[in-house]
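Chemist: First, the structure itself, so that you have it in front of you.
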């Protein structure tokens with residue numbers, strides 16, 4: 001073995017194994033032993049990079065979170081120069097629906113982490129911070145669409161944003177854990193976007 | 001020890017310990033050893049009633065599910081003789097919001113099971129069956145409210161029902177795992193019920 005081990009590469013190898021275990025068997029199955037077997041390295045090697053179960057959880061969630069963010073940025077970049085509020089909000093929320101296998105793997109990790117956060121306050125606070133930011137951005141979009149007359153008024157923008165965001169998460173949850181079809185999820189979200197923000201431009 | 005052990009009482013004692021472990025530490029922590037320690041009995045005794053981890057999972061979920069159903073029945077019974085569609089749907093969906101400690105404990109078990117079902121097809125099919133039934137009931141209520149003019153038309157009742165149900169589940173998820181306030185969750189759900197089914201009767 002060469003003296004200069006490529007730390008970055010080794011860490012990525014272990015991280016990828018960790019994500020495969022989490023995505024296929026849930027975070028409950030993420031253990032030193034399982035991850036080491038999946039990565040084809042020793043338990044000691046895994047422990048060197050991820051000393052505790054919590055540090056593994058944390059890594060898995062940040063990793064899935066970073067991919068959600070990248071997908072949202074890609075979705076926005078694909079909209080062109082001056083997207084409408086309807087297009088912007090729709091593109092962001094569609095990212096929350098686990099439509100293909102990669103997205104489903106990340107959604108499983110996110111769901112396992114949400115379940116973990118439900119019993120651990122500090123993790124819930126982390127999730128809450130990111131959620132509040134997205135909710136406030138959505139509320140701004142709804143408020144702006146209402147002010148131009150594109151969206152129907154009479155609905156509190158923050159309540160509408162809270163509900164719309166929760167609907168997208170709930171649809172994702174049901175696709176993943178209760179066999180809701182992705183077509184039904186997309187149709188339900190689209191119908192709600194029409195109601196909250198007006199129909200899409202033709 | 002008397003020869004005639006009270007099996008029912010012992011089973012309930014172990015089941016209650018199992019639910020306490022699941023609610024406070026998540027289903028991942030539900031093990032023979034943990035449950036036995038919590039119940040103050042031997043691991044062998046726990047194994048007698050729940051031979052496998054899957055049988056524990058199954059019991060915990062059925063138990064939480066039965067309490068959801070009882071709460072929904074109570075909520076409907078509290079509505080009087082001829083509730084409007086708005087009242088009926090509202091009462092059913094509010095049960096999905098974890099508003100007090102007992103409901104939060106059950107919601108943690110439900111969430112842990114959803115996460116488990118996301119990696120296990122048979123569990124997802126179980127959840128899916130119950131969900132489809134509720135969704136179809138909600139769609140009937142929306143359709144009926146639209147036909148009497150109480151609710152605005154122009155929205156597909158099944159899409160609206162799918163979205164509304166997912167919104168309630170998503171709000172519950174965010175209350176539990178991301179620190180969304182119960183007030184914000186109730187306000188968002190109420191606003192959506194007004195939109196889908198018309199304002200409540202005065």
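Protein chains in written order, with the numbering used here: chain D, 1 to 202; chain X, 1 to 202. All C-beta atoms, glycine included, are put in the ideal place defined by N, C-alpha and C.
#1: Would you grab the beta carbon distance between residue 44 of chain X and residue 179 of chain D for me? Rounded to a whole angstrom, and I think it's under 8 Å.
#2: For a cutoff of 7 Å on Cβ pairs, would you count residue 73 of chain D as touching chain X?
#3: By DSSP, does residue 150 of chain D sit in helix, in strand, or in coil?
#4: For residue 68 of chain X and chain D, any beta-carbon pair shorter than 7 Å?
#5: Alpha carbon to alpha carbon, how far is residue 115 of chain X from residue 111 of chain D? Give it in angstroms, no decimals.
#6: Which residues in the same chain have their Cβ closer than 7 Å to the Cβ of residue 17 of chain D, if we skip the five residues on either side of it in sequence?
#7: Within this structure, are the beta carbons of residue 23 of chain X and residue 82 of chain X separated by less than 7 Å?
#8: Measure the C-alpha to C-alpha separation of residue 6 of chain D and residue 20 of chain D and round it to an integer number of angstroms.
#9: Give me the Cα-Cα distance between residue 48 of chain X and residue 42 of chain D, rounded to the nearest whole angstrom.
#10: Are the C-beta atoms of residue 169 of chain D and some chain X residue less than 7 Å apart?
#11: By the 10 Å Cβ neighbour count, where 16 or more other Cβ atoms means buried, how is residue 161 of chain X classified, buried or exposed?
#12: Roughly how many whole angstroms lie between the Cα atoms of residue 168 of chain X and residue 140 of chain X?
#13: Closer than 7 Å between beta carbons: that is the criterion. Which residues of the stretch 98–118 of chain D meet it against chain X?
#14: Against residue 173 of chain X, what residues of chain D qualify as contacts under a CB-to-CB distance less than 8 Å, listed in chain order?
#15: What's the gap between the Cα of residue 184 of chain X and the Cα of residue 93 of chain X?
#16: Any beta carbon of chain D sitting closer than 7 Å to that of residue 184 of chain X?
#17: On a Cα-Cα basis, can you pick out the residue from X/29, X/69, X/75 that is closest to residue 54 of chain X?
#18: Output yes if chain D places a C-beta closer than 7 Å to the C-beta of residue 16 of chain X; else output no.
#19: Looking at residue 172 of chain X: is its Cβ nearer than 7 Å to the Cβ of residue 96 of chain X?
#20: Using a C-beta to C-beta distance shorter than 7 Å, which residues of chain X count as neighbours of residue 54 of chain D?
#21: Counting only beta-carbon separations shorter than 7 Å, does residue 122 of chain D have a partner in chain X?
#22: Given a limit of 7 Å on CB to CB distance, which residues of the stretch 134–157 of chain X reach chain D?
#23: Verify whether the separation of the beta carbon atoms of residue 163 of chain D and residue 192 of chain X is less than 7 Å.
#24: What whole-angstrom Cβ distance do residue 147 of chain X and residue 85 of chain X have, given they're in contact under 8 Å?
#25: For a test of the three-state rule: what should DSSP assign to residue 3 of chain X, helix, strand or coil?
#26: Looking at the unbroken alpha helix (DSSP H) that takes in residue 58 of chain X, where does it start and where does it end?
Modeler: Inspection of the coordinates gives the following:
#1: Counted from its first residue, the second chain places residue 44 of chain X at position 44. Counted from its first residue, the first chain places residue 179 of chain D at position 179. That belief does not hold up - the Cβ atoms of residue 44 of chain X and residue 179 of chain D are roughly 37 Å apart, past 8 Å.
#2: Here residue 73 of chain D refers to the residue found at position 73 when the first chain is read from its first residue. No - not a single Cβ of chain X is within 7 Å of the one on residue 73 of chain D.
#3: Position 150 of the first chain, counting from 1, holds the residue named residue 150 of chain D. In the structure shown, residue 150 of chain D sits in coil (DSSP, three-state: anything other than H, G, I, E or B).
#4: As a first step, residue 68 of chain X must be located in the second chain, where it is residue number 68. No, no contact with chain D.
#5: By 1-based counting over the first chain, the position of residue 111 of chain D is 111. By 1-based counting over the second chain, the position of residue 115 of chain X is 115. Here the alpha carbons of residue 115 of chain X and residue 111 of chain D stand approximately 6 Å from one another.
#6: Taking the first chain and counting its residues from 1, the one referred to as residue 17 of chain D is at position 17. Contacts found: 35, 38, 39.
#7: Reading the second chain from its first residue, position 23 is the one you call residue 23 of chain X. Reading the second chain from its first residue, position 82 is the one you call residue 82 of chain X. Contact: no.
#8: Residue numbering aside, residue 6 of chain D sits at position 6 when the first chain is read from its first letter. Residue numbering aside, residue 20 of chain D sits at position 20 when the first chain is read from its first letter. Take the alpha-carbon of residue 6 of chain D and the one of residue 20 of chain D: they are about 22 Å apart.
#9: Your numbering for residue 48 of chain X matches position 48 in the second chain. Your numbering for residue 42 of chain D matches position 42 in the first chain. When rounded, the distance between both Cα atoms is 36 Å.
#10: Working through the first chain from its first residue, we reach residue 169 of chain D at position 169. Closer than 7 Å to some Cβ of chain X, the Cβ of residue 169 of chain D qualifies, so yes.
#11: Position 161 of the second chain, counted from the start, is the residue given in the question as residue 161 of chain X. Here residue 161 of chain X is buried. Its C-beta has 16 or more other C-beta atoms within 10 Å.
#12: Against the second chain, residue 168 of chain X aligns to sequence position 168. Against the second chain, residue 140 of chain X aligns to sequence position 140. Their Cα atoms are separated by approximately 18 Å.
#13: Of all residues in the stretch 98–118 of chain D, 108, 111, 112, 114, 115, 116, 117, 118 have a Cβ within less than 7 Å of some Cβ in chain X.
#14: The residue you call residue 173 of chain X lines up with position 173 of the second chain. The answer, in chain order, is 114, 166, 169, 170, 173.
#15: Residue numbering aside, residue 184 of chain X sits at position 184 when the second chain is read from its first letter. Residue numbering aside, residue 93 of chain X sits at position 93 when the second chain is read from its first letter. Those two C-alpha atoms are separated by around 15 Å.
#16: In the second chain, counting from the first residue as 1, residue 184 of chain X sits at position 184. Closer than 7 Å: yes.
#17: The residue labelled residue 54 of chain X in the question sits at position 54 within the second chain. Here the closest residue by C-alpha is X/29.
#18: Within the second chain, numbered from 1, the residue matching residue 16 of chain X stands at position 16. Chain D, which has no Cβ nearer than 7 Å to the Cβ of residue 16 of chain X, makes this no.
#19: Taking the first residue of the second chain as position 1, residue 172 of chain X is located at position 172. Taking the first residue of the second chain as position 1, residue 96 of chain X is located at position 96. Yes, Cβ-Cβ distance for residue 172 of chain X and residue 96 of chain X is below 7 Å.
#20: In the first chain, residue 54 of chain D corresponds to position 54, counting from 1. Residues of chain X whose Cβ lies closer than 7 Å to the Cβ of residue 54 of chain D do not exist; the shortest such Cβ separation is about 13 Å.
#21: Looking up residue 122 of chain D in the first chain gives position 122. It does not: the Cβ of residue 122 of chain D has no partner Cβ on chain X nearer than 7 Å.
#22: Contact residues of the stretch 134–157 of chain X toward chain D are 155, 156 (C-beta to C-beta distance below 7 Å).
#23: Residue numbering aside, residue 163 of chain D sits at position 163 when the first chain is read from its first letter. Residue numbering aside, residue 192 of chain X sits at position 192 when the second chain is read from its first letter. A contact, by the Cβ cut-off of 7 Å.
#24: The residue labelled residue 147 of chain X in the question sits at position 147 within the second chain. The residue labelled residue 85 of chain X in the question sits at position 85 within the second chain. That pair is no contact at about 10 Å.
#25: Within the second chain, numbered from 1, the residue matching residue 3 of chain X stands at position 3. With a pLDDT of 47 at residue 3 of chain X, under the threshold of 50, the modelled position of that residue is not reliable, and the figure given next carries that caveat. Correct three-state label for residue 3 of chain X: coil.
#26: Start at 1 with the first residue of the second chain, and residue 58 of chain X comes out as number 58. Under the DSSP assignment, residue 58 of chain X falls in the alpha helix (DSSP H) whose first and last residues are 53–77.
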